[in-house]
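One structure below.
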Amino acid sequence: MLYADCHCHLDFKQFDGDRHDVIADAHALGVKVLVLPGVDRAGWGQLLKISAQYSGVYSCVGLHPCFLGQHKDEDFVVLERLLGSENNIVAVGETGLDLTVGGLERQLFIFEKQIDLANRFGLPVVMHSRKAHNLILQVLNRKPLLHGGVLHGYSGSYEQAMEFWRRGVYLGVGGVITYDRAKKTKHTFARLPLDSIVLETDSPDMPLQGSQGARNTPLSIPLIHKAFCSLRVESKARINDQLMRNALKLFGIPD
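First residue of the sequence shown? That's 477 in the numbering used here, and the numbers climb one at a time after it.
Printed below as a string of structure tokens:
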């Protein structure tokens, strides 16, 4: 089977010692597509270097709300230049809203600015949301994503998920569905249309049940896929085929 990890931070320092081996091992396991979201301007260069070095590795560039204090207005000049010149960039992000870190007015400005750039350059948007689903939906009502997007690490209700899907936003799910306590999330992903879902690890974070405290890697994707299949009525082959199609379509990656 072939898989896609639609959200993994392989540029983070936790992978500095063995990044090549992690990517090679993931590819050998069938994880052929790795999408790396950016979180701040300082990391964009590393992202682009990695995606240029390895086949099947793709970059997103964006400004994450949890790094709000690092973001400057001039970052948008650099972002715009990169979007106009780099072929390995498949999305704008990771952006979004996080109501646990403060600075909401500034977060909204940065988020909406990135939506504008994504729409202008024909790219989807990779979104982070913490306690902000309703607010993000309000933003998307004002500023529709012309080329879609994905809400990564989704753990909300089925009803909210469908509101995002109606706006062209895929729902990303990872290791949370391996936890016994994640009943609501499991129920949601058991019911969602199969063509609305992508898998992710959020490496090095979000380890699977039984591996709490350990570094997560894209090698977890087959286990997440297995857990996901246990929630669904479709065959494993049908699920695998559709999830890969979803990932390629979302990020505009050739089949």
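Cβ coordinates follow ideal geometry from the N, Cα and C atoms, glycine included. In this text the structure is predicted, and so the values were computed from the model without any measurement.
Inset, instruction - Give the straight-line distance between the Cα atoms of residue 559 and residue 676, rounded to the nearest whole angstrom. - result: Indexing the sequence shown from 1 puts residue 559 at position 83. Indexing the sequence shown from 1 puts residue 676 at position 200. Approximately 24 angstroms between the Cα atoms of the pair.
Legend entry - For residue 702 and residue 512, the rounded distance between their alpha carbons: Position 36 of the sequence shown holds residue 512. Position 226 of the sequence shown holds residue 702. If you take the alpha carbons of residue 512 and residue 702, they lie about 22 angstroms apart.
Inset, instruction - Report the option in 622, 633, 635 and 655 whose CA atom is closest to the CA atom of residue 644. - result: Stepping through the sequence shown from its first residue, residue 644 is reached at position 168. When the alpha-carbon of residue 644 is set against those of 622, 633, 635 and 655, the nearest one is in 622.
Legend entry - Residue of 594, 498 and 635 minimising C-alpha distance to residue 488: Looking up residue 488 in the sequence shown gives position 12. The residue with the shortest Cα to Cα distance from residue 488 is 498.
Inset, instruction - Flag this pair as yes or no: are the beta carbons of residue 587 and residue 572 separated by less than 8 angstroms? - result: If you number the sequence shown from 1, residue 587 lands on position 111. If you number the sequence shown from 1, residue 572 lands on position 96. Yes, they are a contact pair.
Inset, instruction - Give me the Cα-Cα distance between residue 726 and residue 646, rounded to the nearest whole angstrom. - result: By one-based count along the sequence shown, residue 726 stands at place 250. By one-based count along the sequence shown, residue 646 stands at place 170. Cα to Cα, residue 726 sits roughly 8 angstroms from residue 646.
Inset, instruction - Report yes or no: do the segment 546-566 and the segment 612-628 share at least 3 C-beta pairs separated by less than 8 angstroms? - result: Output reads no: the segment 612-628 does not touch the segment 546-566.
Inset, instruction - Hey, could you find the ends of the alpha helix (DSSP H) residue 659 is sitting in? - result: Locating residue 659 in the sequence shown gives position 183, counting from the first residue. From DSSP, the alpha helix (DSSP H) with residue 659 extends over 659-667.
Inset, instruction - Label residue 494 either buried or exposed according to how many other C-beta atoms from any shown protein chain fall within 10 Å of its C-beta, with 16 as the threshold for buried. - result: Position 18 of the sequence shown, counting from 1, holds the residue named residue 494. Exposed, since its Cβ has fewer than 16 Cβ neighbours within 10 Å.
Inset, instruction - Going by CA-CA distance only, name the one from 698, 710 and 709 that's closest to residue 503. - result: Here residue 503 is taken as the residue at index 27 of the sequence shown, counted from 1. When C-alpha distances from residue 503 are compared across 698, 710 and 709, the shortest belongs to 698.
Legend entry - Opening and closing residue of the alpha helix (DSSP H) in which residue 673 lies: Residue mapping note: residue 673 aligns to position 197 of the sequence shown, counting from 1. Run containing residue 673: none in the alpha helix (DSSP H); it sits in the beta strand (DSSP E), 673-675.
Inset, instruction - Check whether the segment 514-521 touches the segment 537-544, taking contact to mean three or more Cβ pairs, one atom from each stretch, closer than 8 angstroms. - result: Short answer: they touch.
Inset, instruction - Name the two residues that bound the continuous beta strand (DSSP E) containing residue 601. - result: The residue you call residue 601 lines up with position 125 of the sequence shown. Looking at the DSSP string, the run of the beta strand (DSSP E) that includes residue 601 is 601-606.
Legend entry - CA nearest to the CA of residue 577, picked from 633, 542 and 666: For the purposes of this step, residue 577 is taken as the residue at position 101 of the sequence shown. Closest by alpha carbon: 542.
Legend entry - Boundaries of the alpha helix (DSSP H) in which residue 627 is found, first to last residue: In the sequence shown, residue 627 corresponds to position 151, counting from 1. Not the alpha helix (DSSP H): residue 627 falls in the beta strand (DSSP E), residues 625-627.
Legend entry - Through-space distance from residue 514 to residue 583, alpha-carbon basis: One-based indexing of the sequence shown puts residue 583 at position 107. One-based indexing of the sequence shown puts residue 514 at position 38. Each residue's alpha carbon lies about 16 angstroms from the other.
Inset, instruction - Could you tell me the boundaries of the beta strand (DSSP E) in which residue 506 lies? - result: In the sequence shown, the residue the question calls residue 506 occupies position 30. Looking at the DSSP string, residue 506 is not in any beta strand (DSSP E), and its letter there is neither H nor E.
Inset, instruction - Evaluate contact between the segment 625-639 and the segment 655-672, counting only Cβ atoms and requiring at least three cross-stretch pairs below 8 angstroms. - result: Touching, yes.
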